[in-house]
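J.: This note's numbering numbers the first residue of the sequence shown as 424 and each following residue consecutively.
We treat Cβ as the ideally placed atom computed from N, Cα and C, and that holds for glycine.
Note that the coordinates shown come from a computational prediction; the quantities given were computed from them, not determined experimentally.
One structure follows; several queries about it will come next.
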Amino acid sequence: MVLDSAIALLILSSNFPRIHQDQLPPPQMVNNSFVNEIVSSIHELYQFKNFVFYTSRRLALDTEISNDFFHDFWETFPLVSSILMVNNNQSMAGFLSTPTLCLIMTTGFDDPIMKLAAEGMRGVRFLKTIFVYFPILSSEEYYHSLKDYNGFSESIRRLYAWIWRKQFINCLLMTVDNNIFIHEPYPTLEIINVTSSWNSSTFFVDYSTDFKGYAINSPIRYDLPRVFYMTGPRYGLGKKKPHVSGATGKLFMVFVEHIKASYNESQTDGHEYDPVDLPETIKMIELNQLEISMNSYTEYIATNIGSSYPIGINDWCMMVPNRIATPAHNFLQRSFRGYTWFLVSFSIFYIALSIWLFTPPPKRDISLSLLQAICSMLLISPLRVLKGPSLRIRLIFVMLFIMGFFVTNLYLTKMASFLTSSPEVPQINSMQDVVDAKLPIMVTTFEYESMLSKNFPTEFMALMVPVSKGEMDKHRDQFNKSFGYSTQTDRWRFLSIQQRFMKEPMFRLSKICMGPFYHIIPIQRDSHFSRPLRKFMMSAFQYGLMSHWNYEAFADALYMKYVKVILEHETVEPLSLTYFRSIWIIWLIGLILSTLAFCVELKWHLWQQNKINLKNLYQNLRQFKWLKFKK
C-alpha cells in the first residue's frame, strides 16, 4: 500500500518527570500488528493523506516498543517524508488536510503527551483520532484480579473523561489484549467495548444531525433584538407555551431541534427578563460551566473562548440624535451663507459711497445715496436715474441694475428650493462634533473598559457615560434624545425600523465607528457543536431564514411593547406670520433705528436752531451796545 502524498508528523514529549518515570513499572505492550490492521482497514474507507503521531517520551525511550511499532507501521504505510519534532505544541490547524489520521500513544490520561496533543490539535480536534493506550500495570494478567481489573477499567474511564473534556469526538481507543473501545457521547457519555465485533465503518460515527436528545444548557437573558423571552404566542398565533424569540434566539432553538438535541427547560430560572451580562457569560464558558450560549455578541473584546460561524459582520458605532431641518422662519437668512450676507452688506455701503462721490458736490446727500444703494441691490431702482445728466452716473446704475437682477433672482430661486425641500443641517458625525455639541454618550461598562485601551481623545472620553446593560436598553430602545448611544450594526438596523415612517428620523448613525467585527455565538473551543452549527447557519443564510427571523423578532418585540412604530400625522400648513419672523425682526430693528435717527435729527435741528438764535442774539446785543456807546 503506497501513499503518494502522505506525511507523517512524529511529535514526542520530553518533559515527563524522570523521577516519576523511574518509580513506575514499564508500560504493557500493545499488539502492533493489530494496530496496523485497524489503521489499514480505516484507511481503505477514508484514504488518509496525513498521519500525525503524538508519542509519549516513556514509549519513545523504550526502543523495544517504539522500534517495533514504527518499523511495522512504516512497512505497512511507506511514506514520502517524515518529520520529527520534540515538544511541539504548535496547532496543526492550517497544516493538515481533512483526510488526516492522528495517533496518540499514551500511558494514561495524566501522561504529558496528552496535554501536548490537546494543545497541538487546537482547532482540529474533529480529526479522526486513535488513542493507543499502553497501560502501566503491575501484571499482564490484570483480568485475574478483580482489583487490577477495576483499576484497568477505571483508567479507561478516566481516559475517556479526558477525551470528552477536550472534545475529541471522532476517536477510538486501542489497548492491550486487542481491546477496542469506542464511546457514544449522546445523550450521555457511554463507553462501549467492541473488541469481539468491531467494524471499521462504525468507529467514527457522524452525530452532527442526531444528538439523541442531548440536553443543552443555556440561560435565557434579555438582549433585544437577539434574545428575549415570550410567555405566549403573538396575537394568539402558534404554540401557546412560553418560548424564546429574537433573531439569535430563534436560530439557537431551531438548531437544537435540527440536531435532535433538547433544551434544558430548567434554564428558565425566573431571570429571563434580566439583561444579559456578557462578561459573566464569557466567564462561565471559560470555566466550562456552559458549553454554548444563545446570547450572541459582537467580537470587539478579546476572549479566551471559541466562536461560532459568524451570524454577520457588525461595526461598533455611535447613534446620535438627528438634528431637525432648518425652521421655516430661518429660510430667509439661510438662503445665503454668512459670508454672502457680509459681502452684500459691504456692497451696499461701498455702492452708497460710490454714488455719493460721483454725485456733483451741490447735490450730494449720504442718506439718499444709501437709500439708492439698497434699492439697487433689491432691483427697485427708479428709471429716472438713467436719464441723469452724467454719463458716469448712468453707467453706475446700469451696472447696479444688472447686479441687483442676479442677486435677487438667485435669492428667490434658493427660497423656492427651500419651500420644496428643507436645507441640510450639519449633523453630529465626528468625535469633535460630539465634543462641540457636548452630547453625553451612553456605553456599557465593559465597552467603556475596552475604549480606555484605545486612543480616544480625552475630551471625547469625558462625555462617555458608562452604565449597566439594563440602563442602556431602557434609554436606547425608547429613543431618549438626551443621550447618544453605542450600538452595533444588527441592533441599529432593528431599532431604526421604529422610525421608518417618520419624515425626519429621531436618531441617525454617526461616522464614529470601529470594526468590522464578527457577530458570533459564544462557544467552547473545539466544541462538538462547532461543525454542526456552522453547517446549519450556512443553510439558514442560504434559505433566507435569518432575514425571516429578524422580521419575526421585530413583530414579537412590537407585540411585547419593547419597541414601537413611530407614526407622524402631519398636514400641510399654510404660511403664517411666523414664517416672516426674520422680516418682522428686520422691520422692528429698522423702526428702532429710524426712530433713533429721527430723534437725533430732531435734536440736531433744535441744536442748530438754538445755535442760530444764540448767534442772532449775540449780534443784536453787540449792535445794541455799539448804538448806545455812539449816543
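Excluding sequence positions up to five away, which residues of its chain have a Cβ less than 6 Å from the Cβ of residue 477?
T.: So the list reads 434, 527, 536 and 540, once near-sequence residues are dropped.
J.: With DSSP run on the structure shown, which of helix, strand or coil describes residue 574?
T.: helix
J.: Which whole runs of the alpha helix (DSSP H) in the segment 907-939 are 4 residues long or more, in chain order?
T.: 912-919
J.: In three-state terms, what does DSSP make of residue 710?
T.: coil
J.: Using only the alpha-carbon positions, how far apart do residue 474 and residue 937 sit?
T.: 43 Å
J.: In the DSSP output, which residue or residues are listed as bridge partners for residue 646?
T.: DSSP lists 650 as partners of residue 646.
J.: Taking 7 Å as the cut-off, decide whether the C-beta atoms of residue 603 and residue 615 are in contact.
T.: no
J.: Residue 529 lies in the beta strand (DSSP E); which residues open and close that run?
T.: Per DSSP, residue 529 belongs to the beta strand (DSSP E) from 523-529.
J.: Select from 677, 452, 913 and 848 the residue whose C-alpha is nearest the C-alpha of residue 968.
T.: Selected option, being the one with the closest Cα: 677.
J.: Is the beta carbon of residue 951 sitting closer than 7 Å to the one on residue 639?
T.: no
J.: For residue 444, is the classification buried or exposed, using 16 other Cβ atoms within 10 angstroms of its Cβ as the cut-off for buried?
T.: A caution first: residue 444 carries a pLDDT of 48, below 50, which makes its placement in the model too unreliable to give a value.
J.: Can you name the start and end residues of the beta strand (DSSP E) that residue 551 belongs to?
T.: 551-556
J.: Tell me whether the segment 718-732 and the segment 690-709 touch, counting them as touching only if at least three CB pairs, one residue from each stretch, are closer than 8 Å.
T.: yes
J.: Measure the beta-carbon distance from residue 739 to residue 940 and round it to whole angstroms, keeping in mind my assumption that it falls under 8 Å.
T.: About 7 Å separates the two Cβ atoms, so the contact holds.
J.: Below 7 Å between beta carbons: does that hold for residue 705 and residue 726?
T.: yes
J.: Tell me whether residue 978 sits in a helix, a strand or coil according to DSSP, three-state version.
T.: helix
J.: Please confirm if the segment 893-901 is in contact with the segment 859-873, defined as three or more CB-CB distances below 8 Å between the two stretches.
T.: Because the criterion of three Cβ pairs below 8 Å is met, the segment 893-901 and the segment 859-873 touch.
J.: Please report the straight-line C-alpha distance between residue 1034 and residue 1043, rounded to a whole angstrom.
T.: 14 Å
J.: Can you check whether the CB of residue 530 is closer than 7 Å to the CB of residue 481?
T.: yes
J.: Under 7 Å between the Cβ atoms of residue 746 and residue 848?
T.: yes
J.: What residues in its chain sit with their C-beta under 6 Å from that of residue 684, if we drop five residues either side in the sequence?
T.: 634, 637 and 639
J.: Would you call the segment 918-927 in contact with the segment 977-991, where contact means no fewer than 3 C-beta pairs closer than 8 Å?
T.: In this structure the segment 918-927 touches the segment 977-991; the number of beta carbon pairs closer than 8 Å is three or more.
J.: If residue 630 sits next to residue 609, beta carbons under 8 Å apart, how far is it from one beta carbon to the other, in whole angstroms?
T.: 6 Å
J.: For residue 880, which residues from the same chain have a beta carbon less than 7 Å from its beta carbon, with the 5 sequence-adjacent residues on both sides left out?
T.: 854
J.: Indicate whether residue 682 and residue 955 have their beta-carbon atoms separated by less than 7 Å.
T.: Yes, the Cβ-Cβ distance between residue 682 and residue 955 is below 7 Å.
J.: Which residues does DSSP list as the beta-bridge partners of residue 604?
T.: Residue 604 is bridged to 596 and 616.
J.: Which stretch, first to last residue, makes up the alpha helix (DSSP H) that contains residue 889?
T.: No alpha helix (DSSP H) holds residue 889; the beta strand (DSSP E) holding it covers 887-890.
J.: For a quick check, are the C-beta atoms of residue 695 and residue 728 less than 7 Å apart?
T.: no
J.: Taking all protein chains shown into account, do 16 or more other C-beta atoms lie within 10 angstroms of the C-beta of residue 693, making it buried, or fewer, making it exposed?
T.: exposed
J.: Leaving out five residues before and five after residue 653 in sequence, what residues of the same chain have Cβ atoms less than 7 Å from its Cβ?
T.: 665, 666, 668, 979 and 983
J.: To the nearest angstrom, how far is it from the Cα of residue 713 to the Cα of residue 957?
T.: Computed Cα separation, rounded: 19 Å.
J.: Where do the N-terminal and C-terminal ends of the alpha helix (DSSP H) with residue 679 fall, by residue?
T.: 670-681
J.: Hey, how far is the Cα of residue 1011 from the Cα of residue 891?
T.: 53 Å
J.: Looking only at DSSP bridge pairs, what is residue 798 linked to?
T.: Residue 798 is not bridged to any residue.
J.: So, for residue 618: in the same chain, excluding its five sequence neighbours on each side, which residues have a beta-carbon less than 7 Å away from its beta-carbon?
T.: 601, 602 and 603
J.: CA-CA distance, residue 882 and residue 874?
T.: Distance from the CA of residue 882 to the CA of residue 874, rounded to the nearest whole angstrom, comes to 13 Å.
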